[in-house]
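Heads up: the first sequence runs through residues 1 to 340, numbered per the UniProt record's numbering.
For glycine and all other residues, C-beta sits at the position ideal for the given N, C-alpha and C.
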Amino acid sequence: MKAQDIRRFREALLTWYHKEKRDLPWRKANDPYHIWISEVMLQQTKVDTVIPYYEKFIEAYPTLPDMAAADEEHVLKNWEGLGYYSRARNLHAGVKEVVERYNGSLPTTREEISSIRGIGPYTAGAILSIAYQVPEHAVDGNVMRVLSRVLFIEEDIAKPKTKKIFEEAVMELIDRHDPSGFNQGLMELGATICTPTKPSCLLCPINDVCEAFSRGLQETLPIKTKKTKALSQQWNVLVVENEHGELLMEKRQSKGLLANMWQFPMMDPNELDVSMFAEKMTLKHVFSHLIWELNVFYVKANDLHMKADGVWKSADEIEKLPKAVPMIKIWDAYKKENVG
DNA sequence: AACCCGTGGGG
DNA sequence: TCCCCAAGGGT
Numbered sequence: 001m002k003a004q005d006i007r008r009f010r011e012a013l014l015t016w017y018h019k020e021k022r023d024l025p026w027r028k029a030n031d032p033y034h035i036w037i038s039e040v041m042l043q044q045t046k047v048d049t050v051i052p053y054y055e056k057f058i059e060a061y062p063t064l065p066d067m068a069a070a071d072e073e074h075v076l077k078n079w080e081g082l083g084y085y086s087r088a089r090n091l092h093a094g095v096k097e098v099v100e101r102y103n104g105s106l107p108t109t110r111e112e113i114s115s116i117r118g119i120g121p122y123t124a125g126a127i128l129s130i131a132y133q134v135p136e137h138a139v140d141g142n143v144m145r146v147l148s149r150v151l152f153i154e155e156d157i158a159k160p161k162t163k164k165i166f167e168e169a170v171m172e173l174i175d176r177h178d179p180s181g182f183n184q185g186l187m188e189l190g191a192t193i194c195t196p197t198k199p200s201c202l203l204c205p206i207n208d209v210c211e212a213f214s215r216g217l218q219e220t221l222p223i224k225t226k227k228t229k230a231l232s233q234q235w236n237v238l239v240v241e242n243e244h245g246e247l248l249m250e251k252r253q254s255k256g257l258l259a260n261m262w263q264f265p266m267m268d269p270n271e272l273d274v275s276m277f278a279e280k281m282t283l284k285h286v287f288s289h290l291i292w293e294l295n296v297f298y299v300k301a302n303d304l305h306m307k308a309d310g311v312w313k314s315a316d317e318i319e320k321l322p323k324a325v326p327m328i329k330i331w332d333a334y335k336k337e338n339v340g
């Protein structure tokens with residue numbers, strides 16, 4: 001892009017952003033800790049979904065040391081339903097690192113901040129630019145989409161290698177006086193105008209420097225190859241009740257899918273003959289790359305002629321546990337059928 | 001590099 | 001129904 005167009009690009013984007021930006025909770029103050037929480041929550045997650053969780057976190061942990069002092073299970077409970085639970089575990093671990101290694105305040109270089117758990121290339125750049133006005137790239141899906149169109153970049157954005165092209169482009173284009181506004185402006189534009197389908201090019205503040213628009217090819221960019229589809233799994237879920245009205249719960253392992261979340265015991269269909277139990281409900285839950293098809297049975301402990309791993313929990317205790325989302329639905333159904 | 005890791009909404 | 005997408009990071 002010509003130097004004159006770059007200046008035009010910066011000025012138009014920043015003017016538009018500061019005039020049109022949405023009023024979002026994490027834009028009220030520029031506390032690096034608040035920015036950090038919002039950036040982690042916003043990973044692969046829409047603004048409308050994040051807002052209530054963000055408010056809940058700020059209320060539960062107003063300062064960084066507050067979160068550092070919390071139990072992981074407490075943090076997970078506040079994250080329940082938001083998805084990608086390693087984000088919560090990594091954020092919590094990262095916050096504790098900052099207390100231990102940096103006396104409670106985030107470092108301001110890309111190298112140091114990137115060493116913190118859960119802070120990758122994007123989040124590092126986002127915190128540095130938004131909270132500290134450091135001119136660093138923060139390349140997410142929005143930025144790749146916007147710049148692929150403006151600069152007419154035809155590389156496959158599904159390939160990790162391609163991101164480097166966009167990071168270098170941002171370092172050349174970024175406004176050194178307002179890195180925060182520039183990075184957020186690109187993302188805001190991608191979220192509201194330069195959308196994946198049917199971009200509103202006629203409303204776009206930078207349509208006069210957009211190569212794709214000038215060629216009428218904005219709908220063909222970015223180029224992104226498809227991923228493979230999800231695999232289906234069958235499980236039996238047992239809601240086992242003992243003579244005290246307690247239910248058997250198990251905690252998932254500390255790594256992998258739904259790590260450290262609680263569930264009713266899940267069994268492989270070949271592991272247990274369920275023909276003597278009445279099926280209570282079926283449930284389908286779709287993850288990004290996996291589908292659970294669950295057959296749920298209510299069972300009295302005495303009728304279960306096998307030893308199942310787990311811990312007996314009262315209703316009050318179960319209520320407070322961070323539960324895997326499909327289990328929340330099962331728990332809600334169980335509560336409805338056992339009122340009083 | 002390729003795969004794992006959630007959820008809700010839109011077309 | 002199905003597919004895609006949304007302010008990615010860890011392994």
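Euclidean distance between Cα positions of residue i and residue j
| i | j | result |
| --- | --- | --- |
| residue 224 | residue 154 | 9 angstroms |
| residue 376 | residue 188 | Missing from the structure shown is residue 376; the chain here goes from 1 to 340 and no further. |
| residue 141 | residue 243 | 53 angstroms |
| residue 76 | residue 1 | 46 angstroms |
| residue 36 | residue 293 | 36 angstroms |
| residue 51 | residue 103 | 29 angstroms |
| residue 133 | residue 151 | 25 angstroms |
| residue 24 | residue 47 | 9 angstroms |
| residue 163 | residue 172 | 15 angstroms |
| residue 212 | residue 218 | 5 angstroms |
| residue 147 | residue 193 | 13 angstroms |
| residue 337 | residue 317 | 18 angstroms |
| residue 138 | residue 246 | 49 angstroms |
| residue 195 | residue 170 | 19 angstroms |
| residue 62 | residue 123 | 20 angstroms |
| residue 125 | residue 107 | 12 angstroms |
Opening and closing residue of the beta strand (DSSP E) in which residue i lies
| i | result |
| --- | --- |
| residue 291 | 290-300 |
| residue 232 | 231-241 |
| residue 244 | Careful: residue 244 lies outside any beta strand (DSSP E) and carries neither H nor E. |
| residue 281 | 279-286 |
| residue 150 | First-last for residue 150: 141-150, but that is the alpha helix (DSSP H), not the beta strand (DSSP E). |
Residue range of the unbroken alpha helix (DSSP H) whose run includes residue i
| i | result |
| --- | --- |
| residue 15 | 3-20 |
| residue 171 | 162-173 |
| residue 254 | From DSSP, residue 254 is part of no alpha helix (DSSP H); its letter is neither H nor E. |
| residue 311 | First-last for residue 311: 311-313, but that is the beta strand (DSSP E), not the alpha helix (DSSP H). |
| residue 214 | 211-215 |
| residue 36 | 32-41 |
| residue 121 | 121-132 |
| residue 26 | Element bounds for residue 26: n/a, residue is neither H nor E. |
| residue 90 | 86-102 |
| residue 76 | 72-79 |
| residue 105 | First-last for residue 105: undefined, no H or E at that position. |
Counted within 10 angstroms of its Cβ, other Cβ atoms place residue i as buried (16 or more) or exposed
| i | result |
| --- | --- |
| residue 288 | exposed |
| residue 175 | buried |
| residue 314 | exposed |
| residue 136 | buried |
| residue 144 | buried |
| residue 286 | exposed |
| residue 29 | exposed |
| residue 290 | exposed |
| residue 4 | exposed |
| residue 241 | buried |
| residue 18 | exposed |
| residue 32 | buried |
DSSP beta-bridge partners of residue i
| i | result |
| --- | --- |
| residue 267 | 236 |
| residue 323 | 262 |
Determine contact between the stretch 83-100 and the stretch 35-53, defined as no fewer than three beta-carbon pairs at a distance below 8 angstroms. The stretch 83-100, when compared against the stretch 35-53, does touch it at the 8 angstroms Cβ threshold.
Does the stretch 42-58 touch the stretch 217-233, meaning 3 or more C-beta pairs lie closer than 8 angstroms? The stretch 217-233 vs the stretch 42-58: no contact.
Is it a yes or a no for the stretch 261-268 touching the stretch 312-327, going by three-plus beta-carbon pairs under 8 angstroms? Under the three-pair Cβ rule at 8 angstroms, the stretch 261-268 counts as touching the stretch 312-327.
Whether or not the stretch 98-118 and the stretch 62-69 are in contact is what I'm after, with contact meaning three or more pairs of Cβ atoms, one per stretch, closer than 8 angstroms; do they touch? With the cut-off at 8 angstroms, the stretch 62-69 and the stretch 98-118 touch.
Is the number of C-beta pairs between the stretch 300-311 and the stretch 246-255 that are closer than 8 angstroms three or more? Short answer: they touch.
Does the stretch 116-124 come within contact of the stretch 178-195, defined as at least 3 CB pairs closer than 8 angstroms? Two segments are said to touch when three or more pairs of C-beta atoms, one from each, lie closer than 8 angstroms; by this definition the stretch 116-124 does not touch the stretch 178-195.
Three CB pairs or more closer than 8 angstroms across the stretch 195-210 and the stretch 7-18: Yes, the stretch 195-210 is in contact with the stretch 7-18.
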